[in-house]
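The opening residue of the sequence shown carries number 605 in our numbering; numbering runs sequentially from there.
Even glycine gets a Cβ: it sits at the ideal position worked out from N, Cα and C.
Structure, as structure tokens:
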Amino acid sequence: MLIARQKKEENIAEYILYIFQIEDVIRAYNFDLDSIISEFVKPQLPDDSFLSEYRKWYTGIISQMKQRGLDKHGHIDEVKEILVELSYLHNTLLNLANDDKYRSTFERANTYLEEFKQKSNLKEKNNIEILFHAMYMKLLLRLQKKEISSETEEAFDTMRMVLAYLARSYKRMKSGDMDFLNN
């Protein structure tokens with residue numbers, strides 16, 4: 605909860621990946637709040653002073669996931685809304701703002717993105733969602749201590765750069781510090 609709040613303020617891409625992870629933790633614990641708190645949350649806290657806030661936060665996410673039938677896959681509404689915003693921002697940077705730096709960053713990643721799309725079950729998703737799923741896959745591979753080839757690492761890195769650029773632009777947009785017509 606505290607980590608999520610900090611990530612949401614500082615880097616929206618990290619926030620989304622963090623929430624993907626939290627959703628998977630909830631699924632791994634079969635939506636059992638008491639087990640999540642005692643086995644996952646509590647060992648990470650320096651003391652119990654934030655425990656009630658964490659319990660409330662997890663209760664809210666669990667409730668949303670149950671209401672939306674997200675027991676196997678899918679994301680809470682807040683994540684989906686941010687993904688839509690990021691997708692609009694992506695299209696704006698490419699088509700309205702004509703941001704050449706973003707365009708070249710995205711074009712470098714696009715070949716890898718298309719390869720990932722073909723190899724995954726995400727063909728119906730938009731490019732931004734696919735980028736996030738690719739980065740989440742990398743996180744899972746790292747957590748499982750699986751080897752990542754240099755070619756795959758290069759692909760992940762180019763996709764990461766797109767999300768980093770997009771996250772910085774999102775922060776500027778949300779703060780009102782972005783003029784789409786004068787980049």
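DSSP places residue 644 outside any alpha helix (DSSP H), giving it a letter other than H or E. Look at residue 736 here: in three-state DSSP terms it is helix. In the three-state reduction of the DSSP assignment, residue 664 falls in the helix class.
For residue 765, the enclosing alpha helix (DSSP H) has its first and last residue at 754-779.
A Cβ-Cβ separation of about 5 Å places residue 640 in contact with residue 633 under the 8 Å criterion. With a 10 Å radius around the Cβ and a threshold of 16 neighbouring Cβ atoms, residue 766 comes out buried. Residue 666 is not a Cβ neighbour of residue 687, given a cutoff of 9 Å. Annotation for residue 611: 618, 619, 622 place their beta carbon closer than 8 Å to its own, counting only its chain and skipping 5 residues before and after. Residue nearest to residue 775 within the set 605, 614, 748 is 614 (criterion: CA-CA distance). Only residues of its own chain outside the window of five on either side were considered, and among them 637 have a CB closer than 7 Å to the CB of residue 663, listed in chain order. Measuring C-alpha to C-alpha distances from residue 630 to each of 656, 715, 661 identifies 661 as the nearest.
The beta-carbon separation of residue 732 and residue 677, rounded to 18 Å, does not stay under the 8 Å limit for a contact.
As the crow flies, the alpha-carbon of residue 768 is around 27 Å from that of residue 674.
For residue 722, the enclosing alpha helix (DSSP H) starts and ends at 704-723.
Take the alpha-carbon of residue 705 and the one of residue 746: they are about 29 Å apart.
With a cutoff of 9 Å on beta-carbon distance, residue 692 and residue 759 are scored as not near each other.
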